[in-house]
Each structure stands twice: as C-alpha cells, then as structure tokens.
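*Asks:* The structure follows.
2 protein chains.
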Amino acid sequence: MTKLSKDQSLIAENCAAISHIDTAIQDKVRKQQAKLTKPEGSLGRLEDLAVHIAGIRQKRDPTLINNLVVVVAADHGIAQQGISAYPPVVTKQMMENFINQGGAINVLGKSIGARLVLIDAGINNGNFEDSPVVSLSIGQGTDDFTHGPAMTRKNAEKAVAAGITFFNNELQNNQIDIVACGEMGIGNTTSAAAITAAITGKKPQIVTGRGTGIDDFTYKKKISAIEQALKINIFDPEDAISLLSALGGYEIAVMAGIYIGAARNRVPIIIDGVISSVAALIAVILEPKISEYLISSHLSPEPAHQIILDRMNLIPLLDLELRLGEATGAALGLSLCISACKLLNEMATFTDAQVAGKIT
Amino acid sequence: MTKLSKDQSLIAENCAAISHIDTAIQDKVRKQQAKLTKPEGSLGRLEDLAVHIAGIRQKRDPTLINNLVVVVAADHGIAQQGISAYPPVVTKQMMENFINQGGAINVLGKSIGARLVLIDAGINNGNFEDSPVVSLSIGQGTDDFTHGPAMTRKNAEKAVAAGITFFNNELQNNQIDIVACGEMGIGNTTSAAAITAAITGKKPQIVTGRGTGIDDFTYKKKISAIEQALKINIFDPEDAISLLSALGGYEIAVMAGIYIGAARNRVPIIIDGVISSVAALIAVILEPKISEYLISSHLSPEPAHQIILDRMNLIPLLDLELRLGEATGAALGLSLCISACKLLNEMATFTDAQVAGKIT
C-alpha cells in the first residue's frame with residue numbers, strides 16, 4: 095500500500111470525519127413548526143430550509159448571524175484560446191474591484207450583513223499582498239487542457255487540501271453559521287462544462303453554455319476545446335482528483351475543499367451557479383455525505399447547471415436568470431435561509447397567541 | 095347621465111390620474127447597467143426589476159428605503175359554511191397576533207426593515223380601537239354569496255374608495271418608495287377562486303385550491319359553494335364593481351383601492367399570493383395602466399394564481415410553495431427589489447474600476 099501524501103491524508107481524514115445530518119432534530123423542528131401561527135406547511139420551502147439547517151447545525155433553533163461569503167478566484171489556461179467574452183486579465187481586475195467594494199457581491203454581501211472573504215486560488219500575476227485577499231495560490235492559472243492536464247494530481251490535491259485548511263482555520267478565528275461560495279475566473283464555465291461532460295458522459299454541445307455572453311463563433315470554439323480536452327486527457331468519473339487534474343480549475347478544487355471543511359464542521363453550504371455546483375459535485379464524489387450539507391441557491395441558464403443539480407438531487411431556491419457567479423445567487427439564497435430560521439425562531443405559537451387551531 | 099356618487103367620483107378621478115410608466119428613463123437605466131462591472135444582463139431578472147422600478151418612480155437611481163407592507167383583513171360570509179380549515183374567528187385572532195408581533199409577516203417585515211400597517215376592512219367583531227390597526231371597516235364581514243351578493247355595489251365602491259384614500263393619506267404623512275400588499279381573511283381563497291372563475295370563465299374545479307389545507311370533503315363543499323355563487327349572482331367580467339359586489343371580500347376591494355392609489359402616485363406595487371393578485375386584476379379591470387405598476391413576488395400553489403398572473407402577463411419572482419398570505423411572499427419579493435436597486439446604484443463601472451470590457 096502506498097503511503098499517503100500530507101495533502102491526501104488531510105483530504106481523507108476530513109472526509110472521514112463527516113457525519114450524516116441529524117434527522118432526530120429535524121423531526122423536533124417539524125413538530126415545532128406545526129405549533130406556529132400558520133397553516134401547516136404554508137411557508138413551503140422556507141419551512142424545509144429551516145429544517146435542513148437545523149439538521150446540519152444540530153440545533154432546534156438555528157440562527158444565522160455569522161454568515162460567511164467566500165469568492166474563490168483563479169485563471170484558466172484555456173482562456174488564452176479566446177473562448178470567453180472577456181480577456182483573462184479580468185480575473186485579476188475583478189478581484190481588485192471586489193477589494194474596492196465595487197462588485198455585485200460586495201453590494202449583496204453588505205446588504206445581508208455577511209462577511210466577505212476573497213481567495214486567490216491561482217490568478218495570473220496575482221499579487222494581493224497589501225490587501226485582505228487570502229492567498230492559496232497553487233499556480234499562475236492552470237495549463238491549457240487542450241494540450242494536456244490542467245494541473246498535476248499533486249496540485250489538485252494541494253488545492254483541495256488548501257480549501258479544507260482555509261475553512262478549518264477560519265472557524266478557529268470566527269464563528270461561521272453558514273457559508274456561501276462563489277467564484278471568479280475567466281474561462282471557468284469551459285472547465286465546468288468539461289467536468290460535467292466527463293462525469294455524466296453527456297456531449298459537450300449539451301453541457302456548454304454562453305458563459306459571460308459569447309457569440310456563435312466563440313461558442314463553437316468553446317465546444318471544440320472541450321471535445322479536445324475530453325479526448326486527450328485521462329480521467330475517471332469516479333476519481334474526483336483525476337477530474338480536477340485533467341479539466342479543473344484551481345478555484346473549483348479550492349471550493350471543493352471548502353465544502354469538505356464546512357461539512358466536516360456541520361456548517362451549511364450554499365452553492366451558487368454552475369461552477370460552484372461542479373465543485374460541490376467534486377466534493378460529493380470524494381464523500382457522498384457532503385450532499386446532505388448543500389443548499390442550492392439558484393438555477394443559472396448555463397445548461398450544465400441543471401444537469402449537475404439533478405445529479406445531486408438539489409432543487410434550487412431561485413430562478414432569476416442570474417449568470418454572474420461571484421456568489422451573487424448564493425447571497426440571495428442566504429437571505430432566504432436567514433428568513434427561514436427567523437420564522438422558525440420568532441413566530442408565535444397558536445397557544446401563546448391564543449389563535450384557534452385547525453377544525454378537526 | 096347619472097350623477098356619480100362621491101366614492102364613484104373618487105375612483106374615477108384617481109384612475110384617470112394614472113400615467114404610463116416612464117420608458118425613456120428605463121432606456122437610460124439599461125445603458126447605465128451596461129457600464130457596471132458584470133457581463134451585460136448577467137444579473138438577469140434583478141436588472142429587469144431595477145429598470146421596472148426606475149420607470150415607475152421616474153428616477154434613474156431609485157432607492158427603496160421607505161418600504162410599506164400592508165396587511166388588509168376581512169371576514170367572509172361564506173366561511174360560515176365551513177369551507178375553510180380554520181374557524182372565522184381566526185381572522186380577528188390573527189390580527190391580534192400581528193399586533194403582538196407574532197405573525198410570519200411581523201418576522202419578515204422586521205427582517206427587511208419595512209413598516210407594517212394593518213387594516214381592518216371588515217372583520218367580524220373587529221374592535222381594534224386601542225391598537226395601531228387602521229379601521230376602514232365596511233361591515234361585519236361580507237354576506238354569504240351562495241344566497242345573494244357578498245356586498246352591495248355601494249359598499250364595493252366604498253371599500254375601493256377607502257383603499258385609495260388610505261394610500262393617499264399615508265403618502266401625505268410618510269414617504270413610500272414601494273408598497274407590498276397582502277391579506278388575512280378566513281374564507282378568502284373561496285372568494286378569490288370565485289372571482290377568477292367569473293373573470294376567466296374557467297370552471298370552479300379548475301380554479302379552486304385547498305387554501306389553508308382542507309380535506310376532500312371540505313374541498314368538494316368549497317367547489318359547490320363557488321358553483322352556487324356563480325349561478326345565483328349577477329356580474330359582468332368587465333365590470334369590476336359587479337365582481338366585488340357579487341363575489342368579493344372587503345379586503346380584496348380595499349387592496350384594489352390601495353393599488354389604484356399607489357399607481358396614481360407612481361409607487362411600485364408588490365403583490366403577494368392569489369388573493370392580492372385577484373385584487374390586482376380587479377384594479378386592472380378598473381384601469382388597465384395599473385398593470386404596469388405591478389410586481390409579482392411569488393407563485394402560490396393555489397391554481398387560480400397562475401391563471402390570474404397569466405392574465406396580467408406577470409411572471410412571479412419566486413416559487414417557494416408559499417400559501418400563507420399576509421404579504422409574506424410580497425415581503426420576500428421586496429427584499430429582491432431592494433437588492434436590485436442597490437446593485438444598480440452601488441456597483442462600480444468598468445471605467446471606474448479599470449476593468450477591461452468585452453472583447454469585440
């Protein structure tokens with residue numbers, strides 16, 4: 095038997111430490127919800143959400159006060175081929191925009207009172223030393239996966255392990271009631287579509303979307319690139335590290351690690367669009383119990399998204415045609431989670447409010 | 095020509111004072127949105143929402159700070175026939191619950207920082223003198239519409255006029271950037287389904303739902319009551335007052351009045367579930383331009399809801415299986431409206447943030 099590397103051990107240990115969520119608590123919460131002044135089930139998916147979060151947190155009255163939003167950014171070698179509507183330099187420029195509070199996620203994060211953490215997982219010329227950006231940079235973007243693997247297996251493991259360690263460290267310094275994850279990375283819908291095709295066996299033209307808004311010519315080039323990547327690379331749909339290595343992005347690998355860290359610590363995970371959802375599926379391949387910790391915030395128009403969510407039996411909360419990433423949809427989903435928990439905790443009961451119950 | 099009554103004049107004058115929304119401002123907002131640091135259209139329906147609100151408010155940078163949530167409550171004669179899962183006394187008891195901050199809408203309203211106003215439009219034994227409830231009470235609930243009209247035409251007009259006057263008065267004392275409307279009234283899904291059938295010609299079994307959660311026996315009774323009401327009452331689908339008189343509820347009539355008042359003052363209107371949406375359609379029959387001022391917050395499982403929204407070409411923002419009423423869905427929709435406006439006003443532009451634009 096081969097000795098595991100440090101990163102491999104860290105991943106294996108954290109995955110092994112993940113428990114099922116607490117269904118006994120969930121039954122208690124359902125009983126409490128039946129006592130609140132509303133017809134049973136009339137708050138629909140908000141009731142399910144509160145039950146879900148209670149089961150994860152192992153608390154009958156979960157509160158979402160210390161809410162973390164993470165944006166993980168990285169560059170992609172494939173972007174050099176011009177498969178995106180924007181040049182690769184935009185990844186770095188948008189991180190600077192986030193630092194200066196100018197991005198959509200800054201506005202939404204502030205609006206819901208969440209703490210925003212920015213992570214450099216591998217941005218070209220990333221140099222954020224005098225900024226609040228957390229550097230987990232694995233490399234200067236990935237390699238172009240039409241010529242060979244996007245990253246080495248070692249770097250894929252290093253990135254996942256870095257995500258786990260990041261989350262565990264964060265939790266030592268701050269309380270985290272829930273985490274919402276999103277990303278920034280020019281070219282990363284190409285990587286997400288390629289991984290989706292690799293996992294599901296679906297054809298590239300089925301799983302590939304227009305990303306940030308590409309024209310027909312670029313769209314065909316994007317599909318060809320994915321076809322080429324699937325042809326020349328070696329991967330096994332059941333080996334998550336092989337998928338990351340062949341077709342991944344560093345931000346996808348780091349997000350998968352954050353999800354492992356969150357599930358290991360019983361923190362609910364709100365996923366964003368197609369890329370953060372692919373990262374979630376990577377984490378679920380590594381440890382299936384992680385699916386119990388996932389909340390899908392929204393459905394994006396990227397065709398791979400529905401496919402990936404179906405694979406994990408997740409039903410998105412919102413369908414607002416959002417396709418920005420940056421955890422923007424996840425932040426809106428977080429706002430619904432906050433409301434769901436407040437309703438559970440703050441509504442009066444029929445008895446307290448002296449309201450007549452259902453006619454039997 | 096017959097001389098109009100005071101209420102008829104008030105309704106006619108306020109309807110006549112309603113303008114189209116401002117499409118020139120909307121074009122300017124679209125241009126501004128294209129400059130913000132995100133791919134064009136990538137914030138999906140949130141971008142459309144901001145444009146919509148800007149067109150109503152006639153402002154390029156609309157802000158939603160003074161946000162009003164109104165819950166209008168009334169009783170229904172038909173409820174005496176036991177077509178609901180709850181006894182009629184619950185209407186009054188729930189108003190008391192709202193006064194004591196125990197209802198779902200209290201929790202959600204507080205969470206988004208909205209001001210909540212409660213209106214008694216005709217609650218049985220309504221007696222809220224030492225409370226913040228606004229009394230517009232037209233009567234002790236409506237009459238049972240299986241025996242004759244729910245209310246007189248005069249009372250229908252009085253209720254609509256009271257809603258208009260309420261809104262105009264509110265606006266003299268407070269700034270109102272947006273209004274979200276919902277209701278409370280045991281038996282009112284029966285009234286809403288009956289009005290839907292009357293307007294659309296659809297059969298009662300198509301438009302009738304389970305309301306607060308009734309069993310098969312009660313459901314059949316509910317459908318029979320609606321069939322009977324449609325048979326014995328006289329109404330004209332193009333005469334909104336006749337619909338209210340024959341099949342209405344006082345809360346539905348008052349909400350229709352509030353919508354007229356809001357549109358007349360260029361205040362965006364967020365509608366809630368099936369009952370507040372039926373009230374919106376009543377208002378739109380009175381003055382079609384009101385449809386331009388409506389934002390549909392969510393889709394409820396009540397079958398009449400989709401039918402009513404389709405009739406007004408409204409696409410709901412949320413589909414969370416909410417069926418509580420009380421403006422709970424509208425409050426969640428309001429939260430999305432707030433986010434949409436903040437994104438428009440607070441995001442950086444490509445130029446300011448020095449982010450490279452789209453590759454041409």
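Those protein sequence lines, which keep their order, are chains A and B. Per my numbering, residue 95 is the first one in the first sequence, and the count goes up by one each step. Per my numbering, residue 95 is the first one in the second sequence, and the count goes up by one each step. Each residue gets a CB set at the ideal place from its N, CA and C atoms; glycine is no exception. In this text the structure is predicted, and so the values were computed from the model without any measurement.
1) Are the CB atoms of A253 (chain A) and A347 (chain A) nearer to each other than 8 Å?
2) If you follow the alpha helix (DSSP H) that E264 (chain B) is part of, which residue opens it and which one closes it?
3) Just to confirm before moving on: does the CB-CB distance between A421 (chain B) and V163 (chain B) stay below 8 Å?
4) Report, in whole angstroms, the separation of the C-beta atoms of L380 (chain A) and A334 (chain A), which I expect to be a contact under 8 Å.
5) Compare the C-beta of V211 (chain B) against all C-beta atoms of chain A and say whether one is closer than 8 Å.
6) For G455 (chain A), write down the residues that DSSP places opposite it in a beta bridge.
7) Is the beta carbon of I213 (chain B) closer than 8 Å to that of A167 (chain B)?
8) Using a C-beta cutoff of 8 Å, does M441 (chain B) count as contacting chain A?
9) Can you name the residues that DSSP bridges to E277 (chain A)?
10) Ignoring anything shorter than 3 residues, give me the beta strand (DSSP E) runs that lie fully in the stretch 191-230 of chain A, in order along the chain.
11) What residues in its chain sit with their C-beta under 7 Å from that of I376 (chain B), if we drop five residues either side in the sequence?
12) Which chain B residues sit within Cβ distance under 7 Å of E415 (chain A)?
13) Among residues of its own chain, excluding the 5 on either side of I289 (chain A), which ones have a beta-carbon nearer than 6 Å to its beta-carbon?
14) Can you name, in chain order, every residue of its own chain whose Cβ lies under 7 Å from the Cβ of I402 (chain B), other than the five neighbours on each side?
15) M188 (chain B) CB to nearest chain A CB: under 8 Å?
16) Strictly under 8 Å for the Cβ-Cβ distance: is V183 (chain A) near chain B by that measure?
17) Spell out whether any CB of chain B is found under 8 Å from the CB atom of E455 (chain A).
18) So is L418 (chain B) in contact with chain A if we call contact Cβ pairs under 8 Å?
19) Is Q175 (chain A) close to chain B? Criterion is C-beta to C-beta, closer than 8 Å.
20) The alpha helix (DSSP H) spanning I346 (chain B) covers which residue range?
21) For Q120 (chain A), count neighbouring C-beta atoms within 10 Å of its own C-beta (all shown protein chains included) and say buried if the count is 16 or more, exposed if not.
22) Under the assumption that S99 (chain B) contacts E251 (chain B) (Cβ atoms under 8 Å), give the Cβ distance between them as a whole number of angstroms.
23) Could you list which residues in chain A have their beta carbon closer than 7 Å to that of Q448 (chain B), in chain order?
24) Taking beta-carbon pairs under 7 Å, can you tell me which members of the stretch 297-318 of chain B lie near chain A?
25) Taking three-plus beta-carbon pairs below 8 Å as touching, is the stretch 383-399 of chain B in contact with the stretch 272-292 of chain B?
26) If I'm right that T240 (chain A) touches I172 (chain A) with Cβ under 8 Å, what's the distance once you round it to whole angstroms?
27) Provide the residue span of the beta strand (DSSP E) that contains I389 (chain A), from first to last.
28) On the three-state DSSP scale, how would you describe L416 (chain A)?
29) Within 8 Å of any Cβ in chain B, is that where the Cβ of S205 (chain A) sits?
30) Can you check DSSP and say which residues form a bridge with T284 (chain A)?
31) Starting from I402 (chain B), trace the alpha helix (DSSP H) both ways and give me its first and last residue.
32) Are G307 (chain B) and A179 (chain B) closer than 8 Å when you measure CB to CB?
33) Restricting to Cα atoms, I'd like to know which of A:G427, A:E107, A:I112 and A:E415 is closest to V361 (chain A).
34) Looking at chain A, is there any beta carbon in it that lies within less than 8 Å of the beta carbon of I150 (chain B)?
35) Let me know if G207 (chain A) comes out buried or exposed under the rule of 16 or more other beta-carbons within 10 Å of its beta-carbon.
36) Show which residues of chain B have a CB atom less than 7 Å away from the CB atom of K452 (chain A).
*Replies:* Taking the structure as given:
1) yes
2) R247 to N267
3) yes
4) 5 Å
5) no
6) What is shown of chain A runs 95 to 454, which leaves residue 455 (chain A) out entirely.
7) yes
8) yes
9) A:V166
10) 209-216
11) A334, L337, L338, I346 and A350
12) G138 and R139
13) L337, L341 and V372
14) T290, V368, S371, V372 and L375
15) yes
16) yes
17) This structure cannot speak to residue 455 (chain A), because chain A is shown only from 95 to 454.
18) yes
19) no
20) Y344 to R358
21) buried
22) 7 Å
23) Q187
24) T306 and G307
25) yes
26) 7 Å
27) L388 to S390
28) coil
29) yes
30) According to DSSP, which records beta bridges pairwise, T284 (chain A) is partnered with nothing at all.
31) P397 to R405
32) yes
33) A:I112
34) no
35) exposed
36) A179 and Y180
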